[in-house]
Amino acid sequence: MLTAAAVIGVGHFIAERQNYESSIERSFQTEMQARVEIAEGAGGKAARQTITREEAHRAELRNSISDDTRDTAILVGAGLIAGLIGALLLFTGLIATMRRPLEQLVDAAGRLAAGDRSTRVEVGGLSETATLGNAFNEMAAELELEASERDKLDRMKDEFVLTASHELRSPLTSVQGFAELLMMERDSLTQRQVETVEIILDNCRHLVRLLNDLLDLARSDAGRLTIRPRPTELGPLVEDVVRSMRAQTDGSEQSLTERIEPNLPLVVVEPDRIRQILVNLVTNAHEYSPERASIQVTARVADAGVEIDVSDNGPGIPPAQLEHIFERFVRGDAGLTQRVGGTGLGLAISKSLVELHGGAISVDSEVGRGSTFSVLLPVAPPGAVEEPAGSRAIAEGPR
Amino acid sequence: MTTVLIADDSETILLLMRTRLELAGYTVETAVDGQEVTERIDPSSTDGPDLLLLDAMMPRKSGIDALRELRAAGVETPALIVSAHQDPGDANAPTDLEISGYVTKPIDFDLLLGAVAELTAQAS
Chain Y
383 MLTAAAVIGV
393 GHFIAERQNY
403 ESSIERSFQT
413 EMQARVEIAE
423 GAGGKAARQT
433 ITREEAHRAE
443 LRNSISDDTR
453 DTAILVGAGL
463 IAGLIGALLL
473 FTGLIATMRR
483 PLEQLVDAAG
493 RLAAGDRSTR
503 VEVGGLSETA
513 TLGNAFNEMA
523 AELELEASER
533 DKLDRMKDEF
543 VLTASHELRS
553 PLTSVQGFAE
563 LLMMERDSLT
573 QRQVETVEII
583 LDNCRHLVRL
593 LNDLLDLARS
603 DAGRLTIRPR
613 PTELGPLVED
623 VVRSMRAQTD
633 GSEQSLTERI
643 EPNLPLVVVE
653 PDRIRQILVN
663 LVTNAHEYSP
673 ERASIQVTAR
683 VADAGVEIDV
693 SDNGPGIPPA
703 QLEHIFERFV
713 RGDAGLTQRV
723 GGTGLGLAIS
733 KSLVELHGGA
743 ISVDSEVGRG
753 STFSVLLPVA
763 PPGAVEEPAG
773 SRAIAEGPR
Chain D
92 MTTVLIADDS
102 ETILLLMRTR
112 LELAGYTVET
122 AVDGQEVTER
132 IDPSSTDGPD
142 LLLLDAMMPR
152 KSGIDALREL
162 RAAGVETPAL
172 IVSAHQDPGD
182 ANAPTDLEIS
192 GYVTKPIDFD
202 LLLGAVAELT
212 AQAS
């Protein structure tokens, strides 16, 4: 408003100035006319009075216009200052109007990045911020739709794997069962027939392992991989795994030894799952190491729990592969070129299982020297007692 | 003579289990679903099978539903549930039923025959 006053002031000043100049001009003309009359001897007292009057009139005009100028200058100055303050206020207001929507956008972008795809912003403020807000909301809506479709596909995949691995079990039961029936009459079979049936049984076991692994992974993905941990003594468990694996390592003339630190504290685990992890690690060590290699399983107290190490002096794992070793369907070179019976899922499952226990799994390997896989498990609180197995499974298929 | 009643909707699995159990010296009866099991067993008779071997999932009536009906009618015959589930604690394992144990597929017959022997020895 003050700016408007300044504009009006300047306008007023210009109009006054024009008035003044034309008045002065008229006054000079009147005076000149009087002087001409005096010079021609025509003018008398009246002409001299006119000159005096016009001189006085111009002095008056000059006084009044300088007052006007000063007033106008003050008015213009005040107007300018007011204008600047106004502009400043306007600018601050503008920033304030932009600031809230922008801050909201920053917040919302953060939430969106963190995975909250239902995030939307309130559209408002200037047209630019409103456009930005609308664009953001559209983008978030698209992401949400994509995410929900991906989730749906993921669920379908999990369901499919769960169903498939269940449905495949019945025919597999028949194939394996009848092959076993044949083997019960091996005395009446030829050597070639026995070998044929052995191949069928071998592949059945491989299929079962694959199905179990796939099922575990699908469960893990669906958040349905559950454990029932209880205070457990690790020593006998490790001894049991080593004993059960000895037939295989003996077949390759590999040495398999265990070293269990005395007085290990109890760990809180589901024994069957720890057995599954250890069998997997020892099987890997056995399958990837050459004949006459040595494999050692140690259990000892570590900083944050009890650590089980499975070490071998096999070929080791190149750094590039080591990085991805716990990812699914990743297999060592030997697994791709030699006859290694793995599924490429064992370590991925072991990692899921160890983490489900609140533990950690890691690997240390050097090409040409061998590999060590370490599993760290949480210790039971002091005073905990070992609980006996509560499972009523009396016939568990081989894992 | 120890009698085992097996229920499974797969003819092949029935044949497999029947063969293995008969080879081990048991008398075997078969049913194709839970409905047939509940129709076959008379709760008032003491002459029924010594052991039930029921598939958890069958059309018409599942092994679990059949067993639930039998238990409600007072039948106390020991029962093993055969399940395609890898883990007996998984999914549909009811806790309200008297179940002697779970058998997972593919069936480990050494373990199964051991359990059958144990349960029928208790029964007789």
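Sequences listed follow chains Y and D, in order. Taking the working numbering as reference, the numbering of the first sequence is continuous, increasing by one, and the terminal residue is 781. Taking the working numbering as reference, the numbering of the second sequence is continuous, increasing by one, and the terminal residue is 215. Glycine included, C-beta positions come from ideal geometry on N, C-alpha and C.
Within 10 angstroms of the Cβ of residue i, are there 16 or more other Cβ atoms? Answer buried if so, exposed if not.
i                      : result
residue 682 of chain Y : exposed
residue 201 of chain D : exposed
residue 414 of chain Y : exposed
residue 133 of chain D : exposed
residue 473 of chain Y : exposed
residue 149 of chain D : buried
residue 567 of chain Y : exposed
residue 108 of chain D : buried
residue 695 of chain Y : buried
residue 555 of chain Y : buried
residue 718 of chain Y : Only weak support is given to the placement of residue 718 of chain Y: the predicted model assigns it a pLDDT of 47, under 50, and the question is left unresolved by the model.
residue 675 of chain Y : buried
residue 573 of chain Y : exposed
Could you pull out every residue in the same chain whose Cβ sits closer than 7 Å to the Cβ of residue i, ignoring the five residues on either side in sequence?
i                      : result
residue 592 of chain Y : 725
residue 480 of chain Y : 507, 508 and 511
residue 501 of chain Y : 490, 493, 494 and 522
residue 734 of chain Y : 602 and 607
residue 615 of chain Y : 648 and 768
Using a Cβ-Cβ cutoff of less than 8 Å, which residues in the same chain neighbour residue i once the five nearest sequence positions on both sides are dropped?
i                      : result
residue 620 of chain Y : 640, 642, 660, 679, 681 and 690
residue 398 of chain Y : 447, 450 and 454
residue 687 of chain Y : 649, 741, 758, 759, 760 and 761
residue 140 of chain D : 94, 95, 96, 120, 132 and 168
residue 175 of chain D : 147, 148, 195 and 196
residue 127 of chain D : 98
residue 488 of chain Y : none
Keeping to the same chain, check which residues put their C-beta closer than 6 Å to that of residue i; ignore five residues upstream and five downstream.
i                      : result
residue 209 of chain D : none
residue 634 of chain Y : 673
residue 756 of chain Y : 689, 691 and 744
residue 112 of chain D : 95 and 119
Starting from residue i, trace the alpha helix (DSSP H) both ways and give me its first and last residue.
i                      : result
residue 122 of chain D : Where residue 122 of chain D is concerned, there is no enclosing alpha helix (DSSP H), although the beta strand (DSSP E) it sits in stretches over 118-122.
residue 606 of chain Y : Element bounds for residue 606 of chain Y: n/a, residue is neither H nor E.
residue 665 of chain Y : 653-670
residue 473 of chain Y : 427-495
residue 624 of chain Y : 616-633
residue 755 of chain Y : Run containing residue 755 of chain Y: none in the alpha helix (DSSP H); it sits in the beta strand (DSSP E), 752-759.
residue 104 of chain D : 102-114
residue 554 of chain Y : 551-566
residue 749 of chain Y : No alpha helix (DSSP H) holds residue 749 of chain Y; DSSP gives it neither H nor E.
residue 125 of chain D : 125-131
Is DSSP giving residue i helix, strand or coil here?
i                      : result
residue 541 of chain Y : helix
residue 725 of chain Y : coil
residue 777 of chain Y : Here the model assigns residue 777 of chain Y a pLDDT of 43, short of 50, so the residue's position is not dependable, and the following value carries that caveat. In the structure shown, residue 777 of chain Y sits in a strand (DSSP, three-state: E or B).
residue 766 of chain Y : coil
residue 741 of chain Y : coil
residue 191 of chain D : coil
residue 207 of chain D : helix
residue 498 of chain Y : coil
residue 325 of chain Y : Outside the modelled stretch of chain Y, which goes from 383 to 781, sits residue 325 of chain Y, for which no answer is possible.
residue 503 of chain Y : coil
residue 569 of chain Y : helix
residue 735 of chain Y : helix
residue 709 of chain Y : coil
residue 166 of chain D : coil
Identify the continuous beta strand (DSSP E) that holds residue i and give its terminal residues.
i                      : result
residue 691 of chain Y : 687-694
residue 791 of chain Y : Not covered by the structure: residue 791 of chain Y. The range shown for chain Y is 383 to 781.
residue 641 of chain Y : 637-642
residue 704 of chain Y : From DSSP, residue 704 of chain Y is part of no beta strand (DSSP E) but of the alpha helix (DSSP H) over 701-704.
residue 173 of chain D : 170-174
residue 95 of chain D  : 94-98
residue 158 of chain D : Per DSSP, residue 158 of chain D belongs to no beta strand (DSSP E); it is in the alpha helix (DSSP H), 154-163.
residue 146 of chain D : 142-146
Within the 8 Å Cβ cut-off, does residue i reach chain B?
i                      : result
residue 583 of chain Y : In the structure shown, chain B does not exist; the protein chains are Y and D.
Does the ligand ZN have a heavy atom nearer than 7 Å to the CB of residue i?
i                      : result
residue 674 of chain Y : Questions concerning the ligand ZN fall outside what the structure shown contains, since it holds no ligand whatsoever.
Give me the subset of the region 460-485 of chain Y whose CB atoms are less than 8 Å from a CB atom of chain D, sorted by chain position. Those would be none; no residue qualifies.
Can you list, in chain order, the residues of the region 564-575 of chain Y whose Cβ is nearer than 8 Å to any Cβ on chain D? From the region 564-575 of chain Y, only 566 have a Cβ closer than 8 Å to chain D.
Using a beta-carbon distance cut-off of less than 7 Å, what residues from the region 619-653 of chain Y approach chain D? Taking 7 Å as the Cβ-Cβ cut-off, the region 619-653 of chain Y has no residue approaching chain D.
Residues of the region 126-152 of chain D with a CB closer than 7 Å to any CB of chain Y: list them in chain order, please. Closer than 7 Å at the C-beta level to chain Y, one finds no residue of the region 126-152 of chain D.
Pull out every residue of the region 94-108 of chain D whose Cβ sits closer than 7 Å to any Cβ of chain Y, in chain order. Taking 7 Å as the Cβ-Cβ cut-off against chain Y, the residues of the region 94-108 of chain D that qualify are 101, 103, 104 and 107.
Tell me which residues of the region 548-563 of chain Y have at least one Cβ-Cβ distance to chain D shorter than 7 Å, keeping chain order. 548, 551, 552, 554, 555, 556, 558, 559, 560, 562 and 563: these are the residues of the region 548-563 of chain Y whose beta carbon lies less than 7 Å from some beta carbon of chain D, given in chain order.
Against chain D: residues of the region 676-704 of chain Y by CB proximity under 9 Å: Nothing from the region 676-704 of chain Y brings a Cβ to less than 9 Å from some Cβ of chain D.
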